[in-house]
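Letter by letter, the sequence shown follows residues 100 to 357 of this note's numbering. Cβ coordinates follow ideal geometry from the N, Cα and C atoms, glycine included.
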Amino acid sequence: MEENVILVRREGRVGFIQLNRPAQLNAINDAVMDALGAALLEMDADSAIGCIVITGNAKAFAAGADIAALQGKSYSDVVRSNFISRNWETILQVRKPVIAAVAGFALGAGCELAMMCDFIIAADNAKFGQPEIKLAIIPGAGGTQRLPRAVSKSKAMEMVLTGRMMDAAEAEKAGLVARVVPAEKLEEEVFAAATVIASMSLPSVMAAKEAVNRAYESSLAEGVLFERKSFHASFATRDHEEGLAAFLEKRKPQFRHE
C-alpha cells in the first residue's frame with residue numbers, strides 16, 4: 100500500500116489537500132479517494148477552517164484514473180463494489196467551499212474531480228480533457244454530465260467523443276474555469292481567494308454555495324424560492340447583525356461564524 104497519497108496542511112482558515120502520487124502524475128485510485136474523502140470530511144467538520152483547496156503539483160492536478168488499478172476488473176466487479184459511487188463523490192457532501200487549483204494535466208477522473216469542486220482556478224499550463232473513449236470506456240465520475248453544463252453540449256460532446264484536450268485559455272473562455280493565472284503564481288492566487296472566502300461569515304458562505312448549486316438541480320422558480328428562504332434565514336444570524344453594523348460604522352466586520 101502506498102503511504103501519503105495525499106498531503107494535508109492548514110494556513111490560517113484555509114485547508115489544503117494535495118494529491119501526492121507524483122510518479123503517476125497523481126493518477127486517482129480508491130486509496131487516493133478514500134484518503135481525500137476522509138480529509139475533506141475532517142476539514143468540513145473543523146470550525147477553524149472556512150475554505151478548502153484541492154491541488155496537485157506543477158505537472159498534474161491528476162492525469163486520470165489509475166489505469167493499472169482498472170485492468171482486470173469485470174462488470175460484476177465494478178457493480179458489486181459500487182465503484183466510484185462508494186467513495187469518489189464524498190466531495191459532494193462537503194458544505195464548505197472547495198476550490199480546485201489546477202496546474203498541468205486534469206484529465207479523465209482528474210477533470211471530473213476538478214469539476215466536482217465549487218470552482219476552478221487554473222494555471223496557464225493547465226490542460227483539461229475526458230479521454231476515456233480512447234480506452235473503449237466513457238467518463239464515469241460525472242464527466243458526461245458536468246462538462247456539458249460547464250462548456251455547452253457541443254463542446255463537451257466533441258471532447259468526450261474525440262478525447263481532445265482543452266488548454267487553460269480555452270477552458271476559461273468556455274466557462275470551465277473561473278480564471279487563469281501564471282503557473283508560478285497559482286498557489287498564491289488560490290490562497291488569496293480562499294482566504295477572502297474564509298474571512299466571510301461561514302453560515303452565509305455555506306448558504307450561498309447551496310443556493311448556487313440549487314440552480315443546477317431545479318427550475319428557476321424553485322431555485323429563486325430556495326434562495327429567498329435562505330436569504331430570509333440569514334437575518335437570524337449574529338453575523339448578519341455584525342455585518343450591517345460594521346458597514347454603517349465603516350469598520351471591518353468581526354464575524355463569529357454564527
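- In summary, S300 is buried, with 16 or more beta-carbon neighbours lying within 10 Å of its beta-carbon over all protein chains present.
- Taking all protein chains shown into account, A332 has fewer than 16 neighbouring C-beta atoms within 10 Å of its C-beta and is therefore exposed.
- The Cβ atoms of L285 and A159 lie no closer than 8 Å to each other.
- Per DSSP, the continuous alpha helix (DSSP H) segment holding K328 begins and ends at 319-333.
- The shortest CA-to-CA distance from K226 to any of K351, H356, L234, M258 is the one to M258.
- Beta-bridge pairing by DSSP links L343 to no other residue.
- Distance check between T336 and each of S303, R313, F346, R185 places S303 closest, using alpha-carbon atoms only.
- Collapsing the DSSP output to three states places E110 in a strand.
- Note on geometry: alpha-carbon atoms of N103 and R120 lie some 8 Å from one another.
- Excluding the 5 residues flanking it on each side, A273 has same chain C-beta neighbours closer than 8 Å at A249, V250, S251, K254, M265, in chain order.
- A164 sits in a strand when the DSSP states are folded into three classes.
- In the displayed model, V280 falls within a strand according to three-state DSSP.
- One alpha carbon belongs to A345, the other to P352, and they sit about 5 Å apart.
- Excluding sequence positions up to five before and after G322, its CB lies within less than 7 Å of the CB of R313, A314, all in the same chain and listed in chain order.
- In this structure the segment 159-171 touches the segment 191-208; the number of beta carbon pairs closer than 8 Å is three or more.
- Burial of N125 is indicated by the presence of at least 16 other C-beta atoms within 10 angstroms of its C-beta.
- According to DSSP, residue pairing for C150 in a beta bridge involves V113.
- In this structure, the alpha-carbon of A307 lies about 10 Å from that of K195.
- It is roughly 21 Å from the alpha-carbon of A320 to the alpha-carbon of M305.
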